[in-house]
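Accompanying notes for the structure given below.
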Amino acid sequence: MTRPRDRSSSKGLLPRMEARPWADGVTVSYRYHPVSGKPIPLGTDRLQAIQRVLDMTGRAKDTGTVGALWRAYTESPQWADLADTTRKAYAQQWAILGRVFGEAASSTIRPADVARYLRVERAGAPVSANREVALLSNLMNLALERGELEANPCRQVRRNPERPRPEAPEAAEVRALVEWANGSGRRAYATLAAMASYAAMTGQRRCEFIDLAFTQVGEGEIRARRRKQRAGKEVWDLIEITPELRALLDRQRASAADERCGAVFPCRSGGPYTEPGFKAMWARMMAAAVAEGIVSRRFSFHDLRAFYATQHKLLRGALPDMHQTQATTARVYDRSKISRRKAL
């Protein structure tokens, strides 16, 4: 009588490997069938058996692991299509994710492992954990395409709940911060204050204007490419220059090293701020502002985008066109505390 085939125990094995379930129904031994010669026993440890086959066949030691998937992903056309900021964010997420899953075989990762990562190992940073598992899901999809998996374990696990920030900074807080920074005597603080004023007036993302040049500033409008767009679709924002925004741009032009084509918001070297440099300086300035009692609490620079959306709705009665869908703008950026309407 032939031994019944057990498909579940052979999932995720390398070519020419065989899984042999024991009579106890628990233990499984493995062996490798070379092209010529007798089968080679590999023991009962699945990962060690796979590694022995990799060693015998001369393949990379991390073949079949999540680390190998990450390397393949960064060499794929999909990676080349991503924006620079997205690639940098993924690299930062992988630096954390790889410490846990980097050496694990993709075929051995279960939904329970993903759930433990979300709820236990990254319990202190639930939102960041969601982003890291989203990256892991991309890698698992790649494993599916390569035939290493039959199902994506990340798809079977609920993400941690996320709630948009409930409040935007008040107009008085933004005004006080800008006035304090301009009067601090520090040029870096004055530049950051100008960037904060610009974000509060236009609602642009920081990545959309951190490298803004005077060549993009016209007589009556600013032309800037909108970020976070789907492949094949390109949207440009044409921002009408109001008297307040014109005054801000004129002040920046007057202090610029190159008022024709230089950076509107330059750092000490004269070029635009880098993301790490801006984040470090913004954190330092906010800490100083809180310590001196200028603002009662810290707020993120991205909160100024919500400030713009909330003020736009308050003053003009409708949310601005600043995202791919109005539903996202309403859910994430509208932080109005009062809803006004007319009685019948």
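For what it's worth, the UniProt record's numbering labels the leading residue of the sequence shown as 1, then goes sequentially.
Even glycine gets a Cβ: it sits at the ideal position worked out from N, Cα and C.
- For secondary structure counted as the alpha helix (DSSP H) over 4 or more consecutive residues, the stretch 57-92 holds these complete runs in sequence order: 66-74 and 77-81.
- With 16 or more neighbouring CB atoms inside 10 Å of its own CB, Pro153 falls in the buried class.
- By the criterion of a C-beta distance shorter than 7 Å, Ala105 is surrounded in its chain by Gly12, Leu47, Ile50, Gly64 and Thr65, once the five residues flanking it on both sides are discounted.
- Taking 8 Å as the upper bound for CB-CB distance, Gly67 and Gly102 are in contact here, some 4 Å apart.
- Collapsing the DSSP output to three states places Trp22 in coil.
- With fewer than 16 other Cβ atoms inside 10 Å of its own Cβ, Leu315 counts as exposed.
- Leu304 has its alpha-carbon roughly 15 Å from the corresponding atom of Phe278.
- For Cys261, the CB contacts under 7 Å within the same chain, skipping 5 residues up- and downstream, are Ala213, Phe214 and Thr215 in chain order.
- When the Cα atoms are used, Thr27 and Lys88 turn out to be separated by approximately 44 Å.
- The Cβ atoms of Ala330 and Gly203 lie no closer than 8 Å to each other.
- Assigned with DSSP and collapsed to three states, Ile338 falls in coil, not helix or strand.
- If you look at Ala129, you'll find it in the alpha helix (DSSP H) that goes Pro126 to Glu145.
- Taking a C-beta distance under 8 Å as the contact criterion, Met285 and Ala176 do not qualify as a contact pair.
- Straight across, the Cα-Cα distance linking Glu150 with Val332 is about 36 Å.
- A distance of 8 Å or more separates the beta carbons of Asn138 and Arg159.
- Counting C-beta atoms within 10 angstroms of its own C-beta, Ser197 has 16 or more neighbours from the protein chains shown and is therefore classed as buried.
- Contact check for Leu97 and Glu132: beta-carbon distance about 5 Å, within the 8 Å limit, so the pair qualifies.
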